[in-house]
Amino acid sequence: MSFPSESGHAPADVSPDLKGFLHAVLPAGGSSRSASRLYGLLAAVDPKVDLFEREEQLVALSLWLRRGGDVPARSAEALAEALAEPPAVRRLRFLCHALWLVGPFRVRLSKLLRSVLGELTGQALFARLGIPGDSGLFSETIDRLSRRLLPQPIDEQDLIQLVERLFPKRADWAWLARVPPSLLVSLIELTRTPELEAAPASRSTRQLSSADAALGDLPPLPDPRASLPSTGRAASAYLPLRVAMLEATLLLASRVSAAGLSDVIHTRANLKNLQDSPFFRLPRVIDALLATPRYDAEEIALWVEHVRELVTSCRLTQQVVQSRLEAAGVSVDVVYRLELIERSLNRLELLLSVLVPQASEELAARSVGTLIRLLEDRRRDLSLLDIVRTNTHMLARKIIERAGQTGEHYITISKGEFAKMFLAASGGGLLAAGTNVGKLAVGHLHRPLLQEGLLISANYAGSFILMQLAGFTLATKQPSMTAAALAGALSDKTADSSELVTTVARLVRSQIAAAAGNILFVIPSSIALDWLWVAKLSKTQGHVLTEDYAHKTIASLHPTQSGTLFFAILTGVILWLSSLAAGWVENWAVYRRLPEAIEEHRWRRFFGRRLMGAAGRFVGRNIGGIGGNLAIGLMLGFAPILGEFVGLPVEIRHITISTSSLTFALRALGLSALSTPEFHSALLGLLGILSLNLVVSFGLALGVAMRAREVSFLQALRLLFHVVYGFVRSPLRFFLPVGEKPTVRAAH
């Protein structure tokens, strides 16, 4: 049989055999396993089978492109050019060469593409893939979780699933990006016309190079009011994709408008009239653009420019809303809607860049770029981490910022502030001894687990809230706050290394002052309480702890023969979580304008404006601390209860409370216990508890704060180097406020 040549053309309805195919597409006398495999795939193309089998034929061709083996070069010059291309691109070029020479295969593949794309729905691919849903963060998270864990049914009419099967791996993005635009234009032209048109004799055997690869252009932007042609020479296999893109632009514009005009966005956009909002005007301009006659390129360009101006206005309105969130508290719901708007606008711009009339090669390059973006979004669309990180990043940053503002007050500068920190920690040590007595008293009641957990939690939370209101402090609560302040200093691009080292030195000595105040005053406070217990409160029991319980207490603090170190790590995690709870509560109160609501409450008619104003200011100053103290009280109180409920030996190891317990045990056993190995091991255990409480809470808080403030790991390593160097040069300032001048802190 014959093929397109200088003398004639192949019959349109006759398929070649393998020998004739190889003779046409390969150099004289050549052979190739990859070419033989391609022949089998093209010969098996049948556009008349059911949709699933037709899709499988396309998937098989895609697999050959990705892993079809080496294809022979048609000349030495072509071989040199091919070595610079990925193997998949070389196979794609060979496929185009084969389709150009073998007309029947070109007709079959064109009909196959037209039949498949004509039955698929592409709106979801272009308008939903990679874009948050309208249902909200919680529903979207549950939907993604179910898609990850549960098997998904195959939807033959879903273009998303077909695209995923055609390009299943990340490596596909790399070779797709390196496909020359001229080669894409050739492939599109070769597969767009359903009828076989004879190739010119002068080009029938010419090699397909980049110079003669641009064989045509895609259809212009269609009028959405026109009906979709189903047959005829002018019909293109890719026209259903273009129509789906047109529908997607309308859908995206409508979603952006609905989200932008929602109450939570519109009320924060500072716009007086609805018609002033770019979100209101965007879908109307899109309608006008798509209704523009396809031949009027100048008018289309004007409408496209108008759309881009409105997209810019929408982003400016987003910035206004986000700035108000920065000042007035963050809501995950608002952040979710802002993310929906931003991604929808990005997709709208992406689709318009493909739909507007343009040169063939430019259109091909943008089309493959769009496909790569969609493949990336498909990966993101299944990621739980992506949606959580994207929508909680701003909330986490605000929580960290509020914790950092609190942490700045825990960093002493002058000698007077250093002394005040020591005194505040001394008061915390005094109250911690009473807290420990309350916890031991509740344990002696032997109440049911729920009641015991509630009583211990109330004891912890009440004590910590009293510390806050009295101006006292606990050393273990500071690291999670000061870490946020340190991350804020790291994110300041104007701060030099000496300023950062000074900040670290102030932080370290402030922490030492707090720890010293807690420990040095919890010991005499515990001794005094035990003496009071013996002298006034207990006539029969004796000391706060019995001898047996005292031995158990000392043994429980052993660093290696008990779970003390693990429990200290757990306590450090709880201390860090309480700082997040404090920041979240404060952000919630600011977002809900709780202090203003209290000041303007109707009760002011009875209590007076001054008293309600004072109540509102009190809540504004203390709501975060109270929320954090309630959280830490509940976690410290219920952690052992939950451990006992599930059968795990969970305990709390807080340095101040543990020091108080060891003091009570020493009072019960007498001073002779000071010389025992068990007591020495308990002292080592206390040192481990102190270190782990501080390091774990500080490390977790610093890591989260660095990510929230976008501080790189390299910046942290650089800071560590400067801190070590600064410590070697002047170690004393890490322990005492030497050489510091009094400064005035900025008010928050």
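Read in order, the letters of the sequence shown are residues 0 to 747 in numbering that gives the first Met the number 0. Cβ coordinates follow ideal geometry from the N, Cα and C atoms, glycine included.
- In this structure, DSSP gives Thr559 a state outside helix and strand, which the three-state scheme calls coil.
- By the Cβ neighbour-count rule, Asp154 is exposed, with fewer than 16 other Cβ atoms within 10 Å of its own.
- Distance between Ser413 and Lys535, taken at the CA atoms: about 43 Å.
- One alpha carbon belongs to Arg146, the other to Asp547, and they sit about 56 Å apart.
- When the Cα atoms are used, Glu595 and Ile264 turn out to be separated by approximately 21 Å.
- In the structure shown, Thr411 adopts coil according to DSSP, grouped into three states.
- Counting along the chain, Gln357 sits inside no alpha helix (DSSP H), nor does DSSP assign it H or E at all.
- Between the region 471-486 and the region 681-699, the count of C-beta pairs closer than 8 Å reaches three or more; the two stretches touch.
- In chain order, Thr291 place their CB closer than 6 Å to the CB of Glu298, counting only its own chain and leaving out the 5 sequence neighbours on each side.
- Secondary structure note for Ala97: its alpha helix (DSSP H) is the uninterrupted segment Pro86 to Leu100.
- Distance from the CA atom of Val503 to the CA atom of Gly121, rounded to whole angstroms, is 56 Å.
- Judged by DSSP in its simplified three-state form, Asp69 adopts coil rather than helix or strand.
- A straight line joining the alpha-carbon of Arg267 with that of Val320 spans about 5 Å.
- Approximately 6 Å separates the beta-carbon atoms of Leu499 and Ala488; this is inside 8 Å, confirming the contact.
- Spatial neighbours of Arg603 in its own chain (CB-CB distance under 6 Å, excluding positions within 5 residues in sequence) are listed in chain order as Met611.
- The beta carbon of Ile625 sits closer than 8 Å to those of Ile464, Gln467 and Val584, all from its chain and outside the five residues before and after it, given in chain order.
- In summary, Ser479 is buried, with 16 or more beta-carbon neighbours lying within 10 Å of its beta-carbon over all protein chains present.
- In this model, Thr140 and Arg127 are separated by some 15 Å (Cα to Cα).
- Apart from the 5 residues on each side of it in sequence, Arg177 sits with its Cβ closer than 8 Å to the Cβ of Glu84, Pro85 and Val88 in its chain, given in chain order.
- Each of Leu448, Ser31, Gly259 and Leu62 was checked against the Cα of Arg280, and the nearest Cα belongs to Gly259.
- Secondary structure note for Asp262: its alpha helix (DSSP H) is the uninterrupted segment Asp262 to His265.
- Counting only the Cα atoms, Ala700 lies some 20 Å from Leu633.
- Of the residues Gly461, Ile371, Tyr459 and Leu735, the one whose Cα lies closest to the Cα of Leu506 is Leu735.
- Residues of the same chain with a CB within less than 8 Å of the CB of Ala424, apart from the 5 flanking positions on each side, are Phe471, Thr472, Leu473, Ala474, Ala512, Ala513, Ala514, Ala515, Gly516, Asn517 and Phe520 in chain order.
- Contact between Leu629 and Ala460 holds, with the beta-carbon distance rounding to 5 Å and staying under 8 Å.
- Remark: C-beta atoms of Leu116 and Leu37 do not approach each other more closely than 8 Å.
- Here Tyr724 is exposed: its Cβ has fewer than 16 other Cβ atoms, across all protein chains shown, within 10 Å.
- About 6 Å separates the beta carbons of Ala432 and Leu528, which is inside the 8 Å limit, making them a contact pair.
- When Cβ pairs closer than 8 Å are counted between the two stretches, the region 310-319 is seen to touch the region 271-286, the count reaching three or more.
- The DSSP-derived three-state label of Thr120 is strand.
- DSSP places Asp16 outside both helix and strand once states are collapsed to three, so it counts as coil.
- Ala672: not part of any alpha helix (DSSP H); DSSP gives it neither H nor E.
- If you compare the alpha carbons of Gly427, Ile187, Arg66 and Leu249 with that of Pro167, the shortest gap goes to Arg66.
- Taking C-beta atoms under 8 Å as the contact rule, Ser577 and Phe663 fail to qualify, at a distance of about 25 Å.
- Assignment of beta-bridge partners to Asp157 by DSSP yields Thr120.
- By the criterion of a C-beta distance shorter than 7 Å, Ser31 is surrounded in its chain by Leu25, Val70 and Pro71, once the five residues flanking it on both sides are discounted.
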